[in-house]
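Chains as they are written, first to last, in the working numbering: chain A, 1 to 360; chain B, 1 to 360; chain C, 1 to 360; chain D, 1 to 360.
Every residue, glycine too, gets a C-beta built ideally from N, C-alpha and C.
Structure first, then comments.
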């Protein structure tokens, strides 16, 4: 199930400690100008490890290479195949713990499912490193959306119990890139950084929430029933390793609301129909309403922590203590921001192409 | 996009005010004994409208008919086609408001998307009535899961701000069926009923949260990356009209936790590897761990309320006031319980068949 | 695998001796005027059994009913569900031979595959009766193609060793409907009728070839590689029971040709680029060229013949003699003509919608 | 539409004159020993250009590289990504004819479809070079089939009007590899070689027919209706550039037969049910019967010939004369033999995995 999408089909390749990771995009319309250095590499750089002490010290250049689908700087109708190589693989670091499944990791169920034949090094294809491919796919999505005036931005709204208390304006969001935790509200950002630093010093990790927004979607994207905008976005967002919750608009908070409070009244403004509030997160009946699409994505704390943890030896079923070595993020949320952005961009680009077809 | 699933493919048919609604299931293994009256009808009856004052007064027998796929009481390898007819359609009730999109409903984006050609009566294919088809698909899923010892139960854990404060044991869950709101904790159930009644009297509606659990899944269901258990479940759950949030295990609460707290330690118990806690909700790396699968599903308050609401006339863009007539649920959560259960059952049955294939 | 198509997805339902057969079409654009009596029923009537002594005497009204997808005479964006009921089922006729697989039929492999749980009556879902659903899907395809000037016609070009010796003009093809064998060349038609009559008297059957043509396709329909026009058409055509060969343009004859003879030279005519010959059958590189699409479809002789045949008792592996009772076609080719036409129409409509999306 | 398959999904990448060509296989069961040098490279070498004067003089090492999906010599559950680089690209050779579409080639419809943005060099993704990826996919299919006793062999049965007149035994087929045209019957092989040589000297090309057979398939592979063995094989076979016809068993010849002659009588032999003849080509009702699967695949003569041909200048619509330069095969049939074999192997492996799932 390494392929997702309908008009735009994204196949994800590779693993944490093999040759590299890649993304194959089938269905990209031909004739689109695509400049890897300007359109894709910057997002890759935002996701890249080793940006600060707050993230893993693994070093990867993550230089994007094109294996197909571009001719003379334009998409040519063939599958667009993009890869980054793995450079700083310290696979050996994982050998010691071959038989000791790491708590919170895929190791145990993957071992059972694949009868020990899975690529166990660093999570293999379950690794967070796979999100590099998601970012590439998303950057292409952004290129497709751009001429239609659709923009996507993500930012950190919670780390541990520290949260952004007010709703930020769209114009404030770019400020997130100036903070190590990618939070657009400076005071909250400062406290989040402290919170991550505290986890790091304790050889621990901490979770958080990323909000993604899309501005400029026209009315009516999304397909009937199983192709609702929420269903399509959620499927991709829940494919990001460590995501444990997704909601839209008022989301979980909507469950405590009355209909008279939650329903967004319609009004006409400048010849367009809008809603005066946006509890729906820009989606009604699974279709875009023209209001901003708003998704919140909950990340669990990174599973890899250096503290000793209780586990079981797969060979003997004896209890064991595990100390996960290697270089890990005390908080993956800052690096997850471009990933959430990518998921929104890819899915909306797919839904745009589907809608453009004129079919239901 | 009216089809979902991989080994088991579910196509949803019909609309709120047409001939009826139906479900076509392709890929059901042949030779499975299936008794519609015992295996499907009871779940349909749980979802059926008109069960109490707390739910809509629309009356539908929702008698399941088989159009294909059964021979001599067993599945025969052909698509299993199940339908229920619409009987109590008061489509006329909707004509008045043809041009006044109801706040919180699909009316507005559907009108734009379909250029006015959609079935506008009662939401058409965006109606909650479509969930009758989901329930049928889920009941078949339960039949497929049963011989493998997998059981699914859902129950209400929140209505408005009233919530179940403690974690309920699996054995307590059947008690939910004895409460009008399908809450398994009697004291909370009583307060939830009051909360719904209060909304009903105020011609308002109220949201809530349903928890679904699956017991007995073996280790290793789920497919790589985009086929993760979370991604697959979320896609189907977000197809339920009115769902605005989904999380698994500790879910959104995980974002406030440390890794050392969230990671579930492994231990061997009776020759099996289990975890001593279940913050992961039975899913690691997108694969089942053998622990109970736990999903929480947030429903917004029903959009149809009798209070006057502000909207816009689609023809003139003039402001208008709308009073939604017809018979509606002040709280859809109780009737959503079998729907959430169905989504879990269908998806897990699909993942079971995929896993059985032996392929990744 | 009861669903086919990409932008337009066709799910086939039912069986020969159950409730009926049906077709569910997902992805039909909304707002298309569709008149079942005028747009679908006439094609159904062409396929219907009992039209003459040359075809089976089974009697079915094959009256098309709509279960969803139409509102006020227009498609509404919901799945279009069309069914015909089975009326003249003489399922009992098949009971005698439950354990004696009919030569040339699916009975034996279906029995093994479904471990005896398949619907064995009259072939169940392997029956030629399923083609009624294909005709419905094709008629909808014709409706979608019509405003774009694309027309599809099929006719019989061979029955047994009797063949149409010259290439017929497009304008001659409607004459096929005036002949019992649906051959557009009167002298060949007369000889074909004799050939069928001879087979019928001998309690035997005879095969034949149907040619399908599509006029008016623009340049560039078809998708890259596995979505070539030939691949898409062949997949659907080979789903018709009894089809054992498909070729396009010069087809099998091309294998005996030189490139200098086979290559169709380009020329400009009236501002359009055309080819002076059409050995390619209107398809180059899997894409339409603007020239007529030409497919030939080989049907084996109907497997059901009244002559005694050698078979084996599935219970004992003892040799047995079987006389297939029931009412069967001595030659299915005349009734297959609208089915071939339907396959072309459905597939081209799907490719049209895909191409319209603007994507590769 | 660059992906095909169900349990086993094959995505094809690259183009004739870009970085290379590749194959991504998703769904390969984990734990399969795979030795690229022994299991894949030999088939690649059979397809490789430059083997004799009868084939193109383009030189490609076609050394298979693995980008993912193998760990310690075994499949690991991740997508298996295999590539070969393009080395001997003489793309410049094509520049001259940029605006002169080659008769018999995809140039013209691809130009229109992609509005001139396609990779025009040597056919780009429409090139026969893409079949290198098919061969890789097929070799993996063979590895999956081998432990189940299923073997696939293809050989040339016709070149121009020269054909093998008798039915060859399975044991004779390996002899095909000793002939330059890959024909297993020495006398016919000799005459075919002359026929190709004659075409080459005339700066012309010639077509032919390849027969593929699979021995050892159990009863009951294939899925209902649109997943029939014929439909699945045909879709892949018609994706091979230059294929214009496909039939199974008696195929087109069946259309001239009577049912009493064509129906294969059942008999029990050694406790197994077999048929005494195999006009069905091992497929009844779209399911394998246990008899050898037999497909015939018609190739048109290669479109690239050095003779002057008539075409039209795309810029001016003026008539033009084109001489296709570059190095081309006077007969692609010998090199197509491993490609047909690969298509059979891939599709049967996919159907095997589907059948193993136990579902219909």
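Contained alpha helix (DSSP H) runs [length at least 4] in the stretch 247 to 318 of chain C, N- to C-terminal order: Secondary structure within the stretch 247 to 318 of chain C: the alpha helix (DSSP H) runs of 4 or more consecutive residues, fully enclosed, are 259 to 262 (chain order).
At a CB-CB cut-off below 8 Å, which residues of chain C make contact with residue 26 of chain B? 1, 2, 3 and 11
Option in B:351, B:344, B:338 and B:350 with minimal Cα separation from residue 132 of chain B: Checking every option, the nearest Cα to that of residue 132 of chain B belongs to B:338.
By how many angstroms is the C-alpha of residue 29 of chain C removed from the C-alpha of residue 358 of chain A? Note that residue 358 of chain A has pLDDT 38, beneath the 50 cutoff, so the model's placement of it is unreliable and the number below is only indicative. When rounded, the distance between both Cα atoms is 6 Å.
For the candidate residues D:259, D:297 and D:268, whose alpha-carbon lies nearest to that of residue 280 of chain D? D:259
Tell me, please, which residues DSSP counts as bridged to residue 153 of chain A. According to DSSP, which records beta bridges pairwise, residue 153 of chain A is partnered with A:213.
If contacts are defined as beta-carbon pairs under 8 Å, then residue 84 of chain B and residue 156 of chain B qualify, I think. What distance do you get, rounded to the angstrom? Not quite, the Cβ-Cβ distance comes to about 24 Å (not below 8 Å), so this is no contact.
Less than 7 Å between C-beta atoms, sequence neighbours within five positions excluded: which residues of the same chain meet that for residue 142 of chain B? 152 and 345.
When A:7, A:21, A:262 and A:324 are compared against residue 309 of chain B, the one with the closest alpha-carbon: A:262
Whole-angstrom C-beta distance between residue 246 of chain C and residue 297 of chain C, which should lie under 8 Å: 6 Å
Is DSSP giving residue 343 of chain B helix, strand or coil here? helix
Rounded to whole angstroms, what's the CA-CA distance from residue 72 of chain B to residue 105 of chain C? Just pull it up for me. 22 Å
Rounded to the nearest angstrom, what separates residue 205 of chain A and residue 103 of chain A at their Cα positions? 13 Å
Note down the Cα distance separating residue 360 of chain A from residue 31 of chain C, rounded to an integer number of angstroms. For residue 360 of chain A, the predicted model reports a pLDDT of 31, less than 50, meaning its position is unreliable; a value from the coordinates is still stated below. Residue 360 of chain A and residue 31 of chain C: Cα-Cα distance of roughly 10 Å.
Taking CB distances under 8 Å as the criterion, tell me whether residue 15 of chain B reaches chain C. yes
Say whether chain C places a C-beta atom closer than 8 Å to the C-beta of residue 359 of chain D. Summary for residue 359 of chain D: the model assigns pLDDT 35, below 50, so the residue's position carries little reliability; its value from the coordinates is reported in the next sentence. Taking Cβ atoms only, chain C never reaches closer than 8 Å to residue 359 of chain D, which makes this a no.
DSSP-derived helix/strand/coil call for residue 359 of chain A: A caution first: residue 359 of chain A carries a pLDDT of 34, below 50, which makes its placement in the model unreliable, though a value can still be read off. Judged by DSSP in its simplified three-state form, residue 359 of chain A adopts coil rather than helix or strand.
Quick one: measure Cβ to Cβ for residue 10 of chain D and residue 34 of chain D, integer angstroms, because I've assumed they're closer than 8 Å. Actually they do not touch by this definition, with Cβ atoms about 15 Å apart.
Indicate whether residue 353 of chain C and residue 81 of chain C have their beta-carbon atoms separated by less than 8 Å. no
Determine, using beta carbons only, whether residue 215 of chain B comes closer than 8 Å to chain A. Taking 8 Å as the threshold, the shortest C-beta distance from residue 215 of chain B to chain A does not fall below it.
Kindly list, in the order they appear in chain D, the residues whose Cβ is closer than 8 Å to that of residue 117 of chain A. 30, 31, 71, 74, 75, 76 and 77
Could you give the DSSP three-state label for residue 189 of chain C: helix, strand or coil? Helix at residue 189 of chain C.
Measuring alpha carbon to alpha carbon, tell me which residue in D:115, D:307, D:348 and D:22 is nearest residue 201 of chain D. Nearest option by C-alpha distance: D:307.
Own chain, CB closer than 7 Å to residue 254 of chain A, minus 5 neighbours either side, in chain order: 262 and 279
So, does the CB of residue 130 of chain D fall closer than 8 Å to a CB anywhere in chain C? yes
For residue 10 of chain B, which of helix, strand or coil comes out of DSSP? strand
How is residue 138 of chain C classed by DSSP in three states: helix, strand or coil? helix
Kindly identify the DSSP beta-bridge partner or partners of residue 85 of chain D. D:20
On the three-state DSSP scale, how would you describe residue 133 of chain B? Looking at residue 133 of chain B - three-state DSSP - the assignment turns out to be helix.
Taking C-alpha atoms, which residue in C:351, C:3 and C:16 lies nearest to residue 223 of chain C? Out of C:351, C:3 and C:16, C:351 has the C-alpha closest to the C-alpha of residue 223 of chain C.
Give the DSSP-derived three-state secondary structure of residue 124 of chain A in the structure shown. helix
Tell me where the beta strand (DSSP E) around residue 232 of chain D begins and ends. Residue 232 of chain D -> not in any beta strand (DSSP E); alpha helix (DSSP H) instead, spanning 229 to 237.
So which residues of chain A does residue 19 of chain D contact, with C-beta pairs closer than 9 Å? 65, 66, 67, 68 and 81
Just tell me which of A:355, A:267, A:139 and A:220 has its CA closest to the CA of residue 64 of chain A. It is A:139 whose Cα lies nearest to the Cα of residue 64 of chain A.
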